[in-house]
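Visitor: Take a look at this one; I'll ask things after.
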Amino acid sequence: MTEPRAETVFRSTLPDIPISDHLPLHDYVLECLADRRDRACLIDSATGEKLTLGDVDCLSRRMAAGMRASLGVRPGGTVMPLLPNSIEFAVAFLACSRLGAATTMANPLHTPAETTKQAAASGATVEPASVGKLRGLSSRVSIISLPPATAPRGYGMTEAGVLSMCMAFAKEPSPAKSGACGTVVRNAELKIIDPETGLSLRRNQPGEICIRGKQIMKGYLNNPEATAKSIDAEGWLHTGDIGYVDDNDEIVIVDRLKELIKDKGFQVAPAELEAMLIAHPGIADAAIVPMKDDSCGKIPVAFVVTSDGPEITEDAIKQYVAKQCSRCSMADSEEDCADANGSWPIWADAG
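Each residue of the sequence shown is one higher than the one before, counting from -7 in the numbering used here.
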């Protein structure tokens, strides 16, 4: 009888931070206040504005008093701060904690209708005039190009907050790696599982990313069924994202689990095939979609938009893909799949 394989769990390369289970958030954040009041706590990178620990303590107390007196916020209430990602947001968050109130986040990309729906679902009270101010924010957003610069990535989700961070800005920085999302954060555990078997995978093996720690949500609002599907009995949150951990403990995101195409037992990630296609100078854009097939189950089919450069033929793209992907060979139709011996027919003329 073979012994069960030990589970592969990844943790931060840095030591965990001891966090009390009994301190309110604001007390934990400001517990070192006595001898560090003048130490910088929040810095706005865009404006250079800075708040010390003493500033944050004072401002959050004053805001909490104002919210209690003017807005009637009480313990157990819900507050939706309509603020951008700024240092003031952190102060508002701590003020709510001082009052014993919950905070629900407002997405600045949401429409007024979406924000109103969220406020109603969470029990927050928002004046209609405040929601109306969100209208047209997108019209003031412009896309700019940046000079050569380091752009480290992170990875997170609403249900669990930040899951991984690049170490380029740590006290002891490590170089940012293109395509990776940094290492798992402290006080958390991460594992990669096979979507079919549920077994944990080792380094460089793509599978579903699962996270466990005190930072994950308690559950979806009034939806225990969805909660049970996302958080298993051992406390692992199944993210639905496909990725792997490389040799340097960096997390690399591959695709979404729901978007994987299962072709004769192979899990095909559309994003990988799309990235491979658009790397060709003759292809401006590409999309991979599944197509049902009696023999293969589903087959990935590519729709491409050619670039303005030299004309490219269907045969040229087929040859390019065959060279890039060892398990790919081309088929022109569903009927060809049965004779392709496990090939991936991933080409369809976009017209």
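In this text, a Cβ means the ideal position worked out from N, Cα and C, and glycines have one as well.
Over the uninterrupted beta strand (DSSP E) stretch that includes T44, give me the two end residues.
Guide: Here the beta strand (DSSP E) through T44 covers 42 to 44.
Visitor: What are the residues that DSSP puts in a beta bridge with H230?
Guide: Per DSSP, C202.
Visitor: Checking 7 Å against the spacing of the C-beta atoms, do I253 and V260 come in under that value?
Guide: Yes; because the gap between Cβ atoms is below 7 Å, this pair is in contact.
Visitor: Heavy atom of the ligand FMN less than 6 Å from the Cβ of T107, yes or no?
Guide: In the structure on display, the ligand FMN does not appear, and there are no ligands present to speak of.
Visitor: Check whether the Cβ atoms of R178 and L22 sit closer than 7 Å, and answer yes or no.
Guide: No, the Cβ-Cβ distance between R178 and L22 is not below 7 Å.
Visitor: For M149, which beta-bridge partners are listed by DSSP?
Guide: Note: M149 sits in a beta bridge opposite G153.
Visitor: Quick one: what's got a C-beta closer than 6 Å to D8's C-beta in the same chain, skipping five residues either side?
Guide: Excluding sequence neighbours, D8 sits near R178, N179.
Visitor: Taking its Cβ as the centre, do 16 or more other Cβ atoms sit within 10 Å of S134, making it buried, or is it exposed?
Guide: With a pLDDT of 49 at S134, under the threshold of 50, the modelled position of this residue cannot be trusted; read the value that follows with caution. Exposed: under 16 other Cβ atoms inside 10 Å.
Visitor: My output table needs one value for S192: the three-state DSSP class, helix, strand or coil.
Guide: It is a strand residue.
Visitor: What are the boundary residues of the beta strand (DSSP E) that includes K183?
Guide: Element bounds for K183: 180 to 185.
Visitor: As a quick exercise: from D241, K315, R66, G58, pick the residue whose alpha carbon is nearest that of A93.
Guide: Comparing Cα-Cα distances from A93 to each of D241, K315, R66, G58, the minimum goes to R66.
Visitor: Have a look at N77, I11, A(-2), G68 and flag the residue whose alpha-carbon is nearest the alpha-carbon of D36.
Guide: With distances taken between Cα atoms, D36 lies closest to N77.
Visitor: Quick one: is A26 buried, meaning 16 or more other Cβ sit within 10 Å of its Cβ, or exposed?
Guide: A26 comes out exposed.
Visitor: Which residues bound the beta strand (DSSP E) around T298?
Guide: Its beta strand (DSSP E) spans residues 289 to 298.
Visitor: Please report the residue range of the alpha helix (DSSP H) in which P282 lies.
Guide: Element bounds for P282: not the alpha helix (DSSP H) but the beta strand (DSSP E), 275 to 285.
Visitor: Are the region 41 to 51 and the region 97 to 108 touching, with three or more C-beta to C-beta distances below 8 Å?
Guide: Cβ pair count under 8 Å is below three, so no.
Visitor: For the alpha helix (DSSP H) holding C24, just list the boundary residues, first then last.
Guide: Counting along the chain, C24 falls outside any alpha helix (DSSP H), and DSSP gives it neither H nor E.
Visitor: If you follow the alpha helix (DSSP H) that C88 is in, where does it begin and where does it stop?
Guide: C88 -> alpha helix (DSSP H) spans 79 to 91.
Visitor: Only counting the same chain, and skipping five residues up and downstream in sequence, which positions put a Cβ closer than 6 Å to that of I223?
Guide: Taken in chain order, the residues that qualify are L229.
Visitor: Compare the beta carbon distance of S156 and G174 with 7 Å and say whether it is the shorter of the two.
Guide: Yes, the pair counts as a contact, with Cβ atoms nearer than the cut-off.
Visitor: Rounded to whole angstroms, what is the Cα-Cα separation between A38 and D186?
Guide: Computed Cα separation, rounded: 42 Å.
Visitor: In three-state terms, what does DSSP make of V65?
Guide: Here V65 sits in coil by DSSP.
Visitor: How would you call C24, buried or exposed, if buried means at least 16 neighbouring beta carbons within 10 angstroms?
Guide: Looking at its Cβ environment, which holds fewer than 16 other Cβ atoms inside 10 Å, C24 is exposed.
Visitor: Quick check: the Cα distance between P273 and S299, rounded to an integer number of angstroms?
Guide: The straight-line gap from Cα to Cα measures roughly 7 Å.
Visitor: So for S134, helix, strand or coil by DSSP?
Guide: Reliability fails at S134, whose pLDDT of 49 lies under 50, so the model's placement of it is uncertain and no value is given.
Visitor: Say whether the region 303 to 312 touches the region 273 to 283, bearing in mind that this needs 3 or more beta-carbon pairs closer than 8 Å, one atom from each stretch.
Guide: Result yes; three or more Cβ-Cβ pairs closer than 8 Å.
Visitor: Does DSSP put A94 in a helix, a strand or coil?
Guide: Here A94 sits in strand by DSSP.
Visitor: What are the partner residues of A32, as DSSP defines its beta bridges?
Guide: Beta-bridge pairing links A32 to T44.
Visitor: What does a CB cutoff of less than 6 Å around F2 pick up in its chain, not counting 5 residues either side in sequence?
Guide: V176, L182, V237, listed in sequence order.
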